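Student:
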Amino acid sequence: MSREQRANMKFLAKLGKTSSESFTMLQQVNGEETMSRTCAFEWHKRFKEGREEVEDNPQSGRPSTSRMADNIERVKQMVCADHRLTVRMIAEEFSINKDTVWSIISENLEMHKVCAKMVPKLLSEDQKQQRVTVCEDIIERLEDDPDLLGRVITGDESWIFEYNPKTKRQSRQWKSPASPRPKKARMSKSKVKVMLIAFFDIKGIVHFEFLPQGETVNQYMYKEILRRLMRSARDKRRDLWENNAWVLHHDNTPAHSALSIRQFLVERNVPTLEQPPDSPALVPCDVFRFPKSRG
-4 MSREQRANMK FLAKLGKTSS ESFTMLQQVN GEETMSRTCA FEWHKRFKEG
46 REEVEDNPQS GRPSTSRMAD NIERVKQMVC ADHRLTVRMI AEEFSINKDT
96 VWSIISENLE MHKVCAKMVP KLLSEDQKQQ RVTVCEDIIE RLEDDPDLLG
146 RVITGDESWI FEYNPKTKRQ SRQWKSPASP RPKKARMSKS KVKVMLIAFF
196 DIKGIVHFEF LPQGETVNQY MYKEILRRLM RSARDKRRDL WENNAWVLHH
246 DNTPAHSALS IRQFLVERNV PTLEQPPDSP ALVPCDVFRF PKSRG
């Protein structure tokens, strides 16, 4: 049985919650992994009577056979084969008490359930390998040219809304113990939005523009944007421009990776940094620039 659940039961008992209320709260938090009702009521009773320890009392004699090494290994293999299994399913499979299965998982195997992290897209093995290859290539280029990142101009597009609802973190306020908790109405993003195209380097913004209403970024539009970027680079980064030393970085959306765009850049001797597909963590605009613009 989880020490964490016992600690929670102790906390609820000290708050004056009844055994039924405490058990219901444990179920809300732990779901099917909640200790049995009988065990919950027994531990609640012990804590109400003044018990402080959440560990089992030391026992003499032979250890419980249900937590012997072979059962621990069987549970481990089953969990590793399917991480979504519930305690109840494992207990039924091996005819072991549910509380014992929970103890094996949480104490012997030191595992606990977590929610899946949301990502934009699940990558295939080939895409993962391509990301590794691109990153290794950039590292090799940096070893040969330590000043490479200082010459990179990176760019991308993003929708900018008239207003964005503040996040919970942005809405935090100081309050005293006696003051009421602040409230705010639920808001949705503004329907008024405009497309921002921005390019920047380690010194700051090199070029930006807003796309006219009704226009989309296709290869023809993007080529004109690149022409204007080059004029801005010539005016604002004269040393890089005169030495033809700047390097362009953008993602591989169809408008950016079209054959006409690649030919346009080759004809003007503009080198690029490769960008692996579906890898926003490797796009500086998504990490540094656009979150500030949206805020």
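Per the working numbering, numbering through the sequence shown is continuous, rising by one, with the last residue being 290.
Ideal Cβ positions, reconstructed from N, Cα and C, are used throughout, including at glycine.
Only a predicted model underlies this, so the values are computations on that prediction, with no experimental measurement involved.
Which residues does DSSP pair with G291 in a beta bridge?
Tutor: Residue coverage of the chain in this structure runs from -4 to 290, which leaves residue 291 outside it and unanswerable.
Student: May I ask you to report which of helix, strand or coil DSSP gives H107?
Tutor: Here H107 carries a coil assignment [DSSP, helix/strand/coil].
Student: Cutting at 6 Å between CB atoms, please list the residues of its own chain near H244, excluding the five before and the five after it.
Tutor: Within the same chain, Cβ atoms closer than 6 Å to the Cβ of H244 are found at V147, T149 and L268, the five residues on either side in sequence being excluded.
Student: So, with DSSP's three-state summary, where would you put R57?
Tutor: Annotation note: pLDDT 49 at R57 (below 50); position unreliable, no value reported.
Student: For a quick check, are the C-beta atoms of F203 and L191 less than 8 Å apart?
Tutor: yes
Student: Identify every residue that forms a DSSP beta bridge with V189.
Tutor: DSSP lists I155 as the beta-bridge partner residues of V189.
Student: Considering only the beta carbon of each residue, do I99 and I67 sit closer than 8 Å?
Tutor: I99 is a Cβ neighbour of I67, given a cutoff of 8 Å.
Student: Mind checking whether Q214 and D246 have CB atoms under 8 Å apart?
Tutor: no
Student: Mind checking which residues open and close the alpha helix (DSSP H) that includes V49?
Tutor: Premise fails: V49 is in no alpha helix (DSSP H) and is neither H nor E.
Student: Do K116 and D273 have their C-beta atoms closer together than 8 Å?
Tutor: yes
Student: Give the straight-line distance between the Cα atoms of W38 and K5, rounded to the nearest whole angstrom.
Tutor: If you take the alpha carbons of W38 and K5, they lie about 8 Å apart.
Student: Based on Cα-Cα distance, which residue from S252, R32, G209 and D234 lies nearest to V189?
Tutor: G209
Student: In terms of DSSP beta bridges, what is L243 paired with?
Tutor: I148 and T267
Student: Cutting at 8 Å between CB atoms, please list the residues of its own chain near G145, excluding the five before and the five after it.
Tutor: D196 and I197
Student: Sort out for me which residues DSSP pairs F205 with in a bridge.
Tutor: L191
Student: So for E44, helix, strand or coil by DSSP?
Tutor: coil
Student: Check whether the stretch 21 to 40 touches the stretch 81 to 97, taking contact to mean three or more Cβ pairs, one atom from each stretch, closer than 8 Å.
Tutor: yes
Student: Count the other CB atoms, across all protein chains shown, that sit within 10 Å of the CB of E152; report buried if there are 16 or more and exposed otherwise.
Tutor: Label assigned to E152: buried.
Student: Start and end of the alpha helix (DSSP H) containing A250?
Tutor: P249 to S252
Student: If distances are taken between C-alpha atoms only, which option among S119, A228 and S14 comes closest to C34?
Tutor: S14
Student: Could you name the residues of the same chain whose beta carbon sits closer than 8 Å to that of E218, not counting the 5 residues immediately before and after it, in chain order?
Tutor: Contrary to the premise, residue 218 reads as Lys rather than Glu in this sequence. These residues qualify, in order along the chain: S255, I256 and F259.
Student: Is it buried or exposed for S119, if we count other Cβ within 10 angstroms and need 16 for buried?
Tutor: Burial call: exposed.
Student: Measure the beta-carbon distance from R292 to F18 and round it to whole angstroms, keeping in mind my assumption that it falls under 8 Å.
Tutor: The chain is shown only over -4 to 290; residue 292 falls outside these bounds and no answer can be derived.
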